[in-house]
Amino acid sequence: AQTVTQSQPEMSVQEAETVTLSCTYDTSENNYYLFWYKQPPSRQMILVIRQEAYKQQNATENRFSVNFQKAAKSFSLKISDSQLGDTAMYFCACCGGSNYKLTFGKGTLLTVNP
Amino acid sequence: ETGVTQTPRHLVMGMTNKKSLKCEQHLGHNAMYWYKQSAKKPLELMFVYSLEERVENNSVPSRFSPECPNSSHLFLHLHTLQPEDSALYLCASSQDLGVNEQFFGPGTRLTVL
Chain A
9 AQTVTQSQPE
19 MSVQEAETVT
29 LSCTYDTSEN
39 NYYLFWYKQP
49 PSRQMILVIR
59 QEAYKQQNAT
69 ENRFSVNFQK
79 AAKSFSLKIS
89 DSQLGDTAMY
99 FCACCGGSNY
109 KLTFGKGTLL
119 TVNP
Chain B
154 ETGVTQTPRH
164 LVMGMTNKKS
174 LKCEQHLGHN
184 AMYWYKQSAK
194 KPLELMFVYS
204 LEERVENNSV
214 PSRFSPECPN
224 SSHLFLHLHT
234 LQPEDSALYL
244 CASSQDLGVN
254 EQFFGPGTRL
264 TVL
């Protein structure tokens, strides 16, 4: 069975600062994917960043980057230069490969303060 | 219209009503999904369709009945629901099963009285 754990229900950060959201997972798949999704208040869930497990290099998308530690099964999201529009619920998701199901964590509510 | 759309966005229904949720994707994807999102719980996968065939029924009560008439449309028919079924129902699509990047619709906020 796949599991995804987000241990931080809520976090806050000041505008322009950096914040890291934690995620750990477990899977028996050898070839899988990891995702961070963002769900702003009353708005659509959108993909922030994805990581293929076979790639050692950490994925980056502008101000968003991940720290992927495969052996530790850890997949944290770093948001640099936080903006007010980053305020949202962030969900970590795994795994795919031969198993098409995505398992989601409970989410972390991030608030960016002015 | 682009992406994944869902209607209605909000729905209030009594326990004896019958209603349907609609999802449409304009991405040319072959796989579609229904999720239930409740407060402080992970997203719960309900149903998965691939090329209009159901490939997953995740122990969902029979009062929820999915329908996928073609690869662009997905319905969730609701009847005799319970108050605990109140939640945000999300539709998603992906290019194929196994290509796991999923694109989500805005959801239908369902309240069962």
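Residue numbers (the numbering used here), protein chains in the order written: chain A, 9 to 122; chain B, 154 to 266. Using N, Cα and C, we set each Cβ at its ideal position, and we do this for glycine too.
Beta-bridge partners of residue i, as assigned by DSSP
i: Asn75 (chain A); result: A:Ser84
i: Val21 (chain A); result: A:Val120
i: Thr261 (chain B); result: B:Tyr242
i: Ser173 (chain B); result: B:His230
i: Asp89 (chain A); result: Note: Asp89 (chain A) sits in no beta bridge, so no partner.
i: Lys46 (chain A); result: A:Ile54, A:Tyr98
i: Ser218 (chain B); result: B:His230
i: Tyr186 (chain B); result: B:Val201, B:Ala245
i: Asn210 (chain B); result: B:Phe200
CB contact flag (residue i, residue j, <8 Å)
i: Arg216 (chain B); j: Leu243 (chain B); result: no
i: Leu266 (chain B); j: Ala184 (chain B); result: no
i: Glu254 (chain B); j: Arg71 (chain A); result: no
i: Gln120 (chain A); j: Ser73 (chain A); result: The sequence given here has Val at residue 120 (chain A), not Gln. No.
i: Tyr33 (chain A); j: Lys81 (chain A); result: yes
i: Gly115 (chain A); j: Met97 (chain A); result: yes
i: Leu196 (chain B); j: Tyr188 (chain B); result: yes
i: Thr11 (chain A); j: Lys86 (chain A); result: no
i: Asn211 (chain B); j: Leu198 (chain B); result: yes
i: Leu241 (chain B); j: Arg262 (chain B); result: yes
i: Ser191 (chain B); j: Leu231 (chain B); result: no
i: Glu69 (chain A); j: Val56 (chain A); result: yes
i: Val78 (chain A); j: Ala61 (chain A); result: Looking at the sequence itself, residue 78 (chain A) is Lys, so the reference to Val does not match. Taking 8 Å as the Cβ cut-off, Lys78 (chain A) and Ala61 (chain A) qualify as a contacting pair.
Cα-Cα separation between residue i and residue j, rounded to whole angstroms
i: Glu205 (chain B); j: Ser246 (chain B); result: 12 Å
i: Tyr202 (chain B); j: Gly167 (chain B); result: 28 Å
i: Tyr40 (chain A); j: Phe83 (chain A); result: 13 Å
i: Pro17 (chain A); j: Phe99 (chain A); result: 11 Å
i: Lys175 (chain B); j: Ile54 (chain A); result: 20 Å
i: Gln22 (chain A); j: Tyr45 (chain A); result: 21 Å
i: Arg162 (chain B); j: Pro259 (chain B); result: 8 Å
i: Gln52 (chain A); j: Leu164 (chain B); result: 17 Å
i: Thr26 (chain A); j: Glu237 (chain B); result: 38 Å
i: Thr159 (chain B); j: Gln178 (chain B); result: Residue identity check: residue 159 (chain B) is Gln in the sequence provided, not Thr. Answer to the nearest angstrom: the Cα atoms are 9 Å apart.
i: Asp94 (chain A); j: Pro48 (chain A); result: 8 Å
i: Val213 (chain B); j: Pro219 (chain B); result: 10 Å
i: Leu117 (chain A); j: Phe256 (chain B); result: 20 Å
i: Tyr6 (chain A); j: Thr35 (chain A); result: Outside the modelled stretch of chain A, which goes from 9 to 122, sits residue 6 (chain A), for which no answer is possible.
i: Gly156 (chain B); j: Ala9 (chain A); result: 31 Å
i: Phe43 (chain A); j: Ala101 (chain A); result: 5 Å
i: Asn170 (chain B); j: Thr264 (chain B); result: 12 Å
Partners in chain E for residue i, counting only beta-carbon separations shorter than 7 Å
i: Lys175 (chain B); result: The structure shown contains no chain E; the protein chains it does contain are A and B.
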